[in-house]
Structures are given as structure tokens and as C-alpha cells.
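A.B. asks: So that we are looking at the same thing, I have put the structure below in C-alpha cells.
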Amino acid sequence: MDILIKQARLSDGEALQDVGIKDGKIVAISENLTDNAVTVIDAKGRVLIPGLVESHIHLDKALIADRKPNKSGTLQEAISVTAELKPTFTEEDIYQRAKRALEMIISHGVTAVRTHAEFDPAQGFSGFKTIMKLKEEYRDLIDMQIVAFPQEGIFKAPGTEKMMNEAMEMGADVVGGIPYNDAPADRHIDLVFEIAKKYDKDIDLHQDFSDEATDISIEYLCKKTIAENYHGRVSVGHLTALHALEPERLNEILSLMSEAQISVMALPATDLHLGARNDVYNVRRAVTPIRKLRDAGVNVCLATNNIRNAFTPYGNGDLMQIAMLAIPVGHLGGADDLPTVLPMITENPAKALGLEHYGVQVGNKADLVLLDTKVKADAIIDIPERNYVIKNGKITVEVKKEVTIFK
Numbered sequence: 001m002d003i004l005i006k007q008a009r010l011s012d013g014e015a016l017q018d019v020g021i022k023d024g025k026i027v028a029i030s031e032n033l034t035d036n037a038v039t040v041i042d043a044k045g046r047v048l049i050p051g052l053v054e055s056h057i058h059l060d061k062a063l064i065a066d067r068k069p070n071k072s073g074t075l076q077e078a079i080s081v082t083a084e085l086k087p088t089f090t091e092e093d094i095y096q097r098a099k100r101a102l103e104m105i106i107s108h109g110v111t112a113v114r115t116h117a118e119f120d121p122a123q124g125f126s127g128f129k130t131i132m133k134l135k136e137e138y139r140d141l142i143d144m145q146i147v148a149f150p151q152e153g154i155f156k157a158p159g160t161e162k163m164m165n166e167a168m169e170m171g172a173d174v175v176g177g178i179p180y181n182d183a184p185a186d187r188h189i190d191l192v193f194e195i196a197k198k199y200d201k202d203i204d205l206h207q208d209f210s211d212e213a214t215d216i217s218i219e220y221l222c223k224k225t226i227a228e229n230y231h232g233r234v235s236v237g238h239l240t241a242l243h244a245l246e247p248e249r250l251n252e253i254l255s256l257m258s259e260a261q262i263s264v265m266a267l268p269a270t271d272l273h274l275g276a277r278n279d280v281y282n283v284r285r286a287v288t289p290i291r292k293l294r295d296a297g298v299n300v301c302l303a304t305n306n307i308r309n310a311f312t313p314y315g316n317g318d319l320m321q322i323a324m325l326a327i328p329v330g331h332l333g334g335a336d337d338l339p340t341v342l343p344m345i346t347e348n349p350a351k352a353l354g355l356e357h358y359g360v361q362v363g364n365k366a367d368l369v370l371l372d373t374k375v376k377a378d379a380i381i382d383i384p385e386r387n388y389v390i391k392n393g394k395i396t397v398e399v400k401k402e403v404t405i406f407k
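Counting from 1, one number per residue, gives the positions in the sequence shown under the UniProt record's numbering.
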């Protein structure tokens, strides 16, 4: 074997397991494996999980909060600040910032990421091409899916439709969209499906990002997904407007979402920061209803969205911290709820991204993270150190941290 992980905890209440890795795959899981492995890691009862999956992030807009702050904290100012800054981005600037952000998430145990990459007639493909370059450079450390993302809309920005097709020809993995920032939303959605079907690609939309539910298009999206037989191939980020729906109306939409097998990327760090800024009292969370979505059978993921920019002026790329934030925000701290959170940054986004051979099972890819905790149920609330990150059967991150308490 190439790597033998001894005495790892895969599940609470079960015997510790040895995990054998060879040629990038998990080849054996047993209580007592013996092998002259090249590398032996003694887990000592620590928790071993599959690699974390970051399902919604903007690497091209990371780490610019210090250039021009969003003083009001509103979505409107975040958009205007970013629009003002974008013309100043050079390819080298985008490359260096995106690279830093990418290494931040890798160091925290992310082995697969879906990143939205922007383009429009004003700025061209500079950011998109840079992210494509990073995908190739970091292919041994992380699997990257790149979403062709028209931040400024498609019909609002003439020439963008042509660029959407060009982005797909250049190798984009997913067709993106932003119905709430274009008019009409249903026409925007129709065009996204047209492009996705043309290139046989999945769809990932910024969807109904609003404090109110007065003008939403998620219901149309669900019906379109079902009509086009795109079940399980559509994801949406934000979807904050759902929190403002009356229960009966919400349940109708949740049922449609479940039928269409739409995945939701909840983005608590961003949406808590930007949402409900006009509420004077009884200030709302303004986050998509994670718990209700989960209970309705919708595939719910937790993701970062942005790191230190006008939309999210904080963050260090640690998906565990995002999950920890979601626990109190989504009322997910109960004994029955807590175990459902870890899958929201592992199995659930892996499903949304269509990752194959994922998980700690024989025959699957050896994309693994050894956590510095011995209780799997506490894997989120401990926010443990990622002692080892293994990608395609190779150690990519190793962290050894000793703490001394002086009495």
C-alpha cells in the first residue's frame, strides 16, 4: 500500500478501522490491516471523513475588502462597490488573490470545489481565463468545477449570451445564471437551460436573493427542470426569499423542489451579513430555511460564497466554520439535527456536484481528511484541526499542532 491509516474512527460506537490506500484509491478497510505501506499514519482514534466539498464560492472576487469597504452592509452597496472595483482587476491580480483563496480552502480540507467565474462585455474573460488556469495548476490538489457566471445579467448586458456560449466552448463545467438580476427571470432561466442542454452541462443559479418573496422564480425553475427532465442537475445558491413565504406556499414550493431534485447551497456567512438590513426590530435571519428544506427531502449544502469582499468582509476558507455558523442560524443543534450537518459539507455537496466514487468505502477515490477529534458527532462543533488531507491517495496537507498550558 501507499498509505495505511491505522486506528481511524469512521463512525461513533463502532470499532476503529485501518484504511489502506493504493494508486489513489481506498483498497481496504478492516480492524487489523498489516502491510508494509510506504507511509503509515497512526490516527489514534481520530475521526476520518471524506474530503470536504466547497459547493459555492467566488475565487475571482476574493480578498478585496480592504480596497473599498461596503459601509452599509447592504446587497445593493456590495454590488455597486464590486462593480466599481472590477475594472481595476488585472489578470495577475485575480490570479494572486484566487490562488491565495484556493490554498486557504485546500489547507482546511476541501478536496473538491465549485467556483463561479464571472465575465461580461465590459471586463471580458480575464477573470474566467485566470480561474481556468488555476484549475489546471491545482488539479493534483483539488478537483475544480467552474461555473460560467453572468453576474451582470444576460439580457441586461448585450453580448453576454454570446460570451456564455464561448465560456462553455472554453471548458466551463457548469452553466450559471442569476434570474433575479435580469428581466424577465423566466426568459433568463429558459436561456440557461437552452445552453445547458446544448452542451449537456449541469445548471447552477444564484436564485431569489432577497429579504422578501414578492418576485421569486424558484417555482418556475422547478417546473422547467421537471419539464426538461433535468432532475438532479440543477443547483441554486442563496434562495433567501423562501424564508419570507407563508407556510402553505412554502410547502408547495418545497414539494416541487424535492420532485425536481434541486440542490440548495445555503450561504449563511454572506446572507446573515447582507440580509434584513432594513429591519428596525425583530431582525430576520434572512437565510434560506435550511431545516425545512432538509425535512422536505431537498439536498441541502453549506458553502462559503465569498471570502473578505464587499459581500462577505470576513472568512478564512474554513468550511467547518461555515457549518458551525449554520447550526445556531438553522436551529440544527438538537441531538437529532446535529448529525445532519456534517453531510451538508461532504456527502450532500458531492451529490450536487455529481462527484463519482466519493466517500470512505473500498473502491472509492482516496480523498480523505483526518480530524483532530475522536467523536464524529462533534466533528463540526469542535471545529477540529485538519491533521491530514489526502487527495487522490497523496498527502497534500499535514498539520501538527501541540498546545501547552502553563499552570
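The beta-carbon is built from N, C-alpha and C at its ideal position, and this holds for glycine as well.
1. Asp271 and Pro50: beta carbons closer than 8 Å?
2. Have a look at Arg308 and Asn70 and give me their C-alpha separation to the nearest angstrom.
3. What first and last residue would you give for the alpha helix (DSSP H) that runs through His231?
4. According to DSSP, is Ile262 helix, strand or coil?
5. Within this structure, are the beta carbons of Asp204 and Ile216 separated by less than 8 Å?
6. By Cβ distance, which residues of its chain are closer than 8 Å to Asn278, with the 5 residues on each side in sequence left out?
7. In terms of residue numbering, what span does the alpha helix (DSSP H) encompassing Gly127 cover?
8. If you draw a straight line from the C-alpha of Gln96 to the C-alpha of Ile146, how long is it?
9. What number of angstroms, rounded off, separates the C-alpha of Ile218 from the C-alpha of Arg284?
10. Work out the CA separation of Thr111 and Asn364 for me, nearest whole Å.
11. Unbroken beta strand (DSSP E) runs of length 3 or more, entirely within the stretch 8-73: which are they?
12. How about Val280 and Pro268: do their beta carbons lie closer than 8 Å?
13. Could you check which residue in Asp23, Glu118, Ile322, Thr304 has the C-alpha nearest to that of Pro150?
14. Could you tell me whether the stretch 242-253 touches the stretch 225-233, where touching means 3 or more Cβ pairs closer than 8 Å?
15. In this structure, how does DSSP classify Phe149 when only helix, strand and coil are distinguished?
16. Whose CA, out of Asn348, Ala326, Pro349, lies closest to the CA of Leu338?
17. Please confirm whether Ile3 and Ile21 have their CB atoms less than 8 Å apart.
18. Report the partner residues of Ala112 according to the DSSP bridge assignment.
19. Exposed or buried, which one is Tyr314 when buried takes at least 16 other CB atoms within 10 Å?
20. Given this structure, state the Cα-to-Cα distance separating Met265 from Phe406, to the nearest angstrom.
C.D. replies: To lay it out plainly:
1. Within the sequence shown, numbered from 1, the residue matching residue 271 stands at position 271. Within the sequence shown, numbered from 1, the residue matching residue 50 stands at position 50. Their beta carbons are not under 8 Å apart, which means Asp271 does not touch Pro50 by this criterion.
2. Along the sequence shown, read from residue 1 onward, the residue named residue 308 stands at position 308. Along the sequence shown, read from residue 1 onward, the residue named residue 70 stands at position 70. The alpha-carbon atoms of Arg308 and Asn70 are separated by roughly 11 Å.
3. Locating residue 231 in the sequence shown gives position 231, counting from the first residue. His231 -> no alpha helix (DSSP H), and no H or E assigned at all.
4. By 1-based counting over the sequence shown, the position of residue 262 is 262. Correct three-state label for Ile262: coil.
5. Position 204 of the sequence shown, counting from 1, holds the residue named residue 204. Position 216 of the sequence shown, counting from 1, holds the residue named residue 216. Contact flag unset, no.
6. Counting from 1 along the sequence shown, the entry for residue 278 is found at position 278. Excluding sequence neighbours, Asn278 sits near Asp211.
7. Reading the sequence shown from its first residue, position 127 is the one you call residue 127. Taken as a continuous stretch (DSSP letters only), the alpha helix (DSSP H) holding Gly127 covers 126-137.
8. One-based indexing of the sequence shown puts residue 96 at position 96. One-based indexing of the sequence shown puts residue 146 at position 146. Gln96 and Ile146: Cα-Cα distance of roughly 18 Å.
9. The residue you call residue 218 lines up with position 218 of the sequence shown. The residue you call residue 284 lines up with position 284 of the sequence shown. Each residue's Cα considered, the two are about 21 Å apart.
10. Counting from 1 along the sequence shown, the entry for residue 364 is found at position 364. Counting from 1 along the sequence shown, the entry for residue 111 is found at position 111. In this structure, the CA atom of Asn364 is about 14 Å from the CA atom of Thr111.
11. Given a length threshold of 3 residues, each whole run of the beta strand (DSSP E) inside the stretch 8-73 is given here in chain order: 17-22, 25-30, 39-42, 48-50, 52-57.
12. For the purposes of this step, residue 280 is taken as the residue at position 280 of the sequence shown. For the purposes of this step, residue 268 is taken as the residue at position 268 of the sequence shown. Contact: no.
13. Residue 150 sits at position 150 when you count from the first residue of the sequence shown. Selected option, being the one with the closest Cα: Glu118.
14. Not touching, per the Cβ criterion.
15. For the purposes of this step, residue 149 is identified with residue 149 of the sequence shown, where counting begins at 1. Strand at Phe149.
16. On the sequence shown, residue 338 is found 338 positions in, with the first residue counted as 1. Closest by alpha carbon: Ala326.
17. Taking the sequence shown and counting its residues from 1, one reaches residue 3 at position 3. Taking the sequence shown and counting its residues from 1, one reaches residue 21 at position 21. The answer is yes: Cβ separation under 8 Å.
18. For the purposes of this step, residue 112 is identified with residue 112 of the sequence shown, where counting begins at 1. Paired residue(s): Val53, Asp143.
19. For the purposes of this step, residue 314 is identified with residue 314 of the sequence shown, where counting begins at 1. By the neighbour-count criterion, in which a residue is buried when 16 or more other Cβ atoms sit within 10 angstroms of its Cβ, Tyr314 is exposed.
20. For the purposes of this step, residue 265 is taken as residue 265 along the sequence shown, with counting starting at 1. For the purposes of this step, residue 406 is taken as residue 406 along the sequence shown, with counting starting at 1. If you draw a straight line from the Cα of Met265 to the Cα of Phe406, it is about 43 Å long.
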